[in-house]
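A short write-up of the structure that comes next.
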């Protein structure tokens, strides 16, 4: 059930990779089993050029205007935003917790850095997620190989630069294996200053 | 191969292009 690959239109600026936007929402009381997660996640569309990116992105609700427990995901085409996907199973993610009111701006900056190939880590980046929650919002960027410290450090340093984070911002890394084990995306993380 | 790299300023500039509407 893979959708047809998109390609850049005439005169458009191609991206290094095609990306797919996804949206998910769940009732917080329901347990987040991987099956219910997959049922609650929807593809919005794919983009292959800068212009296609803006056409799609400009029509989406800003994440800061979403209510409840919802997420936007932007992943390389062909990679599902799930821990179990082949591209993700040995990977992990950097987590940045945001106070309310910052999600829209930080989400835009992180995805512009991703589609513009600012991270310089080869094929390592899988996608980015903004998670709207009740007390705080959470930004994360997923990479393929959680035990490659050169890569994860470079991603962390690029995040600091492109998001203009203060040097004392707490950043947390969590492997998808650990997320699977405790069935939680954001608990029991490894803190890095 | 060559990587296609765009900085934020360039990407934001493309937003107003008629092709991006």
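Chains as they are written, first to last, in the numbering used here: chain A, 1 to 193; chain B, 194 to 214.
From the three backbone atoms N, C-alpha and C, an ideal C-beta is built for every residue, glycine too.
Computed from a predicted structure; not experimentally measured.
Residue 206 of chain B and residue 54 of chain A have their C-alpha atoms roughly 11 Å apart.
Below 8 Å, enough C-beta pairs join the stretch 107-127 of chain A and the stretch 148-162 of chain A to call them touching: three or more. Identification of residues in the stretch 152-174 of chain A having a C-beta nearer than 9 Å to some C-beta of chain B yields 162, given in sequence order. When Cβ pairs closer than 8 Å are counted between the two stretches, the stretch 140-147 of chain A is seen to touch the stretch 79-92 of chain A, the count reaching three or more. Against chain B, the beta carbon of residue 54 of chain A has neighbours under 7 Å at 207, 208 and 213, listed in chain order.
Closest option to residue 135 of chain A, judged by alpha-carbon separation, among A:101, A:19 and A:11: A:101. Residue 111 of chain A sits in a helix when the DSSP states are folded into three classes. Cβ atoms of residue 104 of chain A and residue 64 of chain A come within 8 Å of each other, at about 4 Å. Runs of alpha helix (DSSP H) with 4 or more residues, each lying fully within the stretch 64-122 of chain A, are found at 103-115, listed in chain order. Boundaries of the alpha helix (DSSP H) around residue 153 of chain A: 149-162.
Taking 8 Å as the cut-off, the beta carbon of residue 155 of chain A is found no closer than this to the beta carbon of residue 97 of chain A. For residue 6 of chain A, there is no enclosing beta strand (DSSP E), as DSSP marks it with neither H nor E.
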